[in-house]
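K.L.:
Per this note's numbering, residue 3 is the first one in the sequence shown, and the count goes up by one each step.
Note that the Cβ used here is the ideal one computed from N, Cα and C, for glycine as well.
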Amino acid sequence: MESLKAIQQKQKVVFILGATGTGKSKLSIDLATRVPAEIVNSDKIQVLKGLDILTNKVTEEEKRGIPHHLLGVLDPEADLTVSDFCVLACCAIEAILEKDRLPIIVGGSNRYVEALVDDEKVGFRSKYECCFIWLDVATQVHHSYVAKRVDEMVSSGLIDEVRDVFKPDADYTKGIRQSIGVPEMDKYLRLESEVNEETRKELLKEAIDEIKDNTCKLIHRQLEKIHRLQNRPGWNIRRIDATEVFLKGGKEALVLWEKIVLEPSTKIVEHFLYGNTGCDDAPARYY
3 MESLKAIQQK
13 QKVVFILGAT
23 GTGKSKLSID
33 LATRVPAEIV
43 NSDKIQVLKG
53 LDILTNKVTE
63 EEKRGIPHHL
73 LGVLDPEADL
83 TVSDFCVLAC
93 CAIEAILEKD
103 RLPIIVGGSN
113 RYVEALVDDE
123 KVGFRSKYEC
133 CFIWLDVATQ
143 VHHSYVAKRV
153 DEMVSSGLID
163 EVRDVFKPDA
173 DYTKGIRQSI
183 GVPEMDKYLR
193 LESEVNEETR
203 KELLKEAIDE
213 IKDNTCKLIH
223 RQLEKIHRLQ
233 NRPGWNIRRI
243 DATEVFLKGG
253 KEALVLWEKI
263 VLEPSTKIVE
273 HFLYGNTGCD
283 DAPARYY
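1) Contact criterion: CB-CB distance below 7 Å. Does Glu260 meet it with respect to chain C?
2) Measure the alpha-carbon distance for Leu19 versus Gln11 and round it to whole angstroms.
3) Kindly indicate which three-state DSSP category Val49 falls into: helix, strand or coil?
4) From Ser44 to Asn198, what does the alpha carbon distance come to, in whole angstroms?
5) Since Lys14 sits in a beta bridge, which residues does DSSP pair it with?
6) What did DSSP end up calling Arg230 once you bin it into helix, strand or coil?
7) Buried or exposed: which applies to Arg290, given that a residue is buried once 16 or more other Cβ atoms fall within 10 Å of its Cβ?
8) Are the beta-carbon atoms of Phe134 and Ile31 separated by less than 7 Å?
9) Using the Cβ count rule (16 or more neighbours within 10 Å means buried), how would you classify Cys93?
10) Inspect the beta-carbon positions of Leu33 and Ser181 and report whether they are closer than 7 Å.
11) Using DSSP's beta-bridge definition, name the partner residues of His1.
12) Answer with buried or exposed for Glu40, where buried requires no fewer than 16 other C-beta atoms within 10 angstroms of its C-beta.
13) Cβ atoms of Ala209 and Tyr190: under 7 Å apart, would you say?
14) Roughly how far, in whole angstroms, is the beta-carbon of Gly74 from the beta-carbon of Lys51, given that I think they are within contact range, below 8 Å?
15) Between Lys59 and Asp77, what straight-line distance do the alpha-carbon atoms span, to the nearest angstrom?
16) Within 8 Å, do at least three Cβ pairs link the segment 157-167 to the segment 262-272?
17) Taking only the alpha-carbon atoms, compute the straight-line gap between Asp243 and Ile221 and give it to the nearest angstrom.
18) Compute the Euclidean distance between the alpha carbons of Ile106 and Gly67, then round it to the nearest angstrom.
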């Protein structure tokens with residue numbers, strides 16, 4: 003494959019946008035197996051160490067050897083500001099480009115991504131050309147999937163994981179305890195040793211239902227932000243509809259993922275990198 007540096011006139015960066023639970027991490031890893039790339043996490047909670055189940059961090063096996071930056075690297079008590087993120091992300095991007103690889107920025111913290119790209123103090127657009135891919139899923143299908151994912155997290159050890167970071171006097175507005183799933187478990191963890199089994203079950207169900215509800219509210223806010231960005235100059239966001247994948251299961255879902263998500267996304271990225279024009283001029287039939 004021809005060197006990226008040899009064909010790029012301006013340094014290029016790909017962004018994978020989307021609400022939580024749409025498959026952004028999987029798409030970024032799949033793309034990074036097709037073009038020489040490394041991944042930069044832009045989820046403000048996943049930058050922090052800990053709560054790997056609750057925050058749905060990709061595992062070493064899921065990474066498939068693709069280097070990930072800003073994933074579980076800061077102290078759980080750290081309060082990562084937008085400015086902090088921009089500095090860290092720019093350093094990671096430069097390090098990736100120095101290795102002649104494509105930076106793929108992926109995560110659900112759209113406010114952080116917006117600041118990185120558009121803040122004049124950062125000067126991002128003066129250095130880089132951007133390609134934005136939005137992985138989307140129909141609302142009801144998405145909410146149903148997220149509810150099932152929360153149940154799977156509970157089965158995988160979410161309760162014990164949250165118990166390990168629980169503090170009666172914790173500040174739920176800072177650090178890792180901001181994560182959806184920690185404040186919601188507060189009442190259950192405070193009372194679990196003081197009430198009978200039936201009440202414990204009721205408290206736990208209430209906590210889990212609240213986690214699901216607050217996750218759906220987060221999804222709504224994330225989508226509102228993406229829609230706002232979509233209408234701004236310079237944010238030509240390419241939408242990939244993954245709904246059909248989420249409606250299926252097993253091998254059929256894998257086939258559909260390849261057909262309606264990965265192949266169109268690969269074409270977008272390849273056109274962005276190797277075409278004569280930018281991402282904005284990629285063939286419209288794919289999006």
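P.N.:
Based on what the coordinates show:
1) Included in the structure is just one protein chain, with no chain C present.
2) 25 Å
3) coil
4) 42 Å
5) Glu131
6) helix
7) This structure cannot settle anything about residue 290, because the visible part of the chain is limited to 3 through 289.
8) no
9) exposed
10) no
11) Outside the displayed span of the chain (3 to 289) sits residue 1, for which this structure offers no information.
12) buried
13) yes
14) 5 Å
15) 15 Å
16) no
17) 15 Å
18) 15 Å
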